[in-house]
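When the count follows my numbering, it moves up by one through the sequence shown with no breaks and lands on 434 for the last residue.
Using N, Cα and C, we set each Cβ at its ideal position, and we do this for glycine too.
Predicted model only: the values in this text are computed from it and were never measured.
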Amino acid sequence: MPTPPLPAAQDAQPHTRWMRRLRLRQVQLLQELARQPSLTAAAANLNMTQPAVSQQLADIEAALGVTLFERGKGLRPTAYGEAALRWAAQTIASARQLGEELTAMRSGASGLVRIGVMLVAATELMPRVVARLAQEDAMPRLVLHEDIMQGLWTRICGAELDLIVGRLDDRVRASSFPHEMLYEDKHCIAVRPGHALARRRRPDWSETLKHPWVLPPEDSGLRRALTATFLAHGLPAPLPRVESNSLTVTQAILRSSDCVGVMSGSAGRQAEVDGLLRTIALELAGPELPVGAVWRESTPSPAVARVLDVLRAESRPNPGYAARARRGGSRINV
């Protein structure tokens, strides 16, 4: 005689029963309340009446079995509400990504990959990755966002990015996101061609203090490494004449002035190959810094997995590229 099912079998996953009761429209309401916690404003933005919005919110709370907002003059999210609002933002972002990915696939792409790129990977690695993918019959559609890690980290946590390529800092190593080191890169000091420091075979750090500096923001790893280097040489850290986190702006200022700047080794090498800047023979203190990839899903989509494969391949030493760089012909056409 077959064994009867356990009475509690139908409630084996009670914490997921709410999933059958929530609709995407209700998730949109949560996202709207995250923007401005007001039933009146949410009703206006969603083209609903306030009583309908109030009832929808009550239905959501009943489905979840918790109170999401404290009612008063306005709405204030509870701890449960904060968790629900984070989930709603990620759900809407995932739904938006699905629509964009389907559009990309209908146009012949193999998928969609939203990539956050730090400056350290923007000048050498990513152009090679794009060029290699462009040779494939079904290249994924790539959406690139350049920013510092703080901005990119917020976006990947909010499901607005699939992948980050940049420096692997402590927040990456402490997170649950999969990540992988691709190569190591050192910072460099750069000036315009013809600069007095560029003519010196063996400049020293004290000489750089005779010139104005263009520096990244004070809280950046690059700025901290530079400060540590000057202190290690018994010198005061330079005060910036200009502070900039834009590589384009920094390089433009260096090309047209006697300023001294600091940037990633890859950016400096590419600018030197292009004849825009000269790197000078000064090394910053500290170890080489790991550059790598961070991605959201433990099992990435085929398109993300393909981009990761190409990132790994293009991060290996490339004698052919190095030879072209020495000849001044490293530009890649896509």
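- Ranking SER357, GLU280, LEU282, SER346 by CA distance to the CA of TRP313 puts SER357 first.
- Restricting attention to ILE248, MET205, ASP262, the CA atom closest to the CA of ASP237 is found in MET205.
- One thing to note: GLU260 has its Cβ within 8 angstroms of the Cβ of ARG214.
- Collapsing the DSSP output to three states places MET148 in coil.
- The criterion of a C-beta distance shorter than 8 angstroms is satisfied by PRO338 and THR308.
- Shown here for LEU376: same chain residues with a beta carbon closer than 7 angstroms to its own, the five before and five after excluded, namely GLN351, ARG355 in chain order.
- Taking a 10 Å sphere around the C-beta of ARG273, we find fewer than 16 other C-beta atoms and assign the residue as exposed.
- Non-local C-beta neighbours of ALA142 in its own chain, meaning closer than 6 angstroms and more than five positions away in sequence, comprise GLU132, LEU133, VAL153, ordered along the chain.
- Within the same chain, Cβ atoms closer than 8 angstroms to the Cβ of GLY181 are found at THR167, LEU168, PHE169, the five residues on either side in sequence being excluded.
- Following the DSSP letters along the chain, one finds SER415 inside the alpha helix (DSSP H) bounded by residues 402-415.
- Here TRP395 is buried: its Cβ has 16 or more other Cβ atoms, across all protein chains shown, within 10 Å.
- Residue range 305-308 is occupied by the alpha helix (DSSP H) that includes SER306.
- Spatial neighbours of ARG412 in its own chain (CB-CB distance under 7 angstroms, excluding positions within 5 residues in sequence) are listed in chain order as LEU282.
- Cβ-Cβ separation between LEU164 and SER138: approximately 21 angstroms, too far for a contact (criterion under 8 angstroms).
- Spatial neighbours of ALA393 in its own chain (CB-CB distance under 8 angstroms, excluding positions within 5 residues in sequence) are listed in chain order as LEU263, ILE264, VAL265, HIS279, GLU280, LEU282, LEU408, LEU411.
- Within the segment 290-345, the runs of beta strand (DSSP E) at least 3 residues long that lie entirely inside it are, in chain order, 313-315, 340-343.
- Taking a contact as a CB-CB distance under 8 angstroms, the pair THR178 and VAL127 does not count as one, their CB atoms being some 18 angstroms apart.
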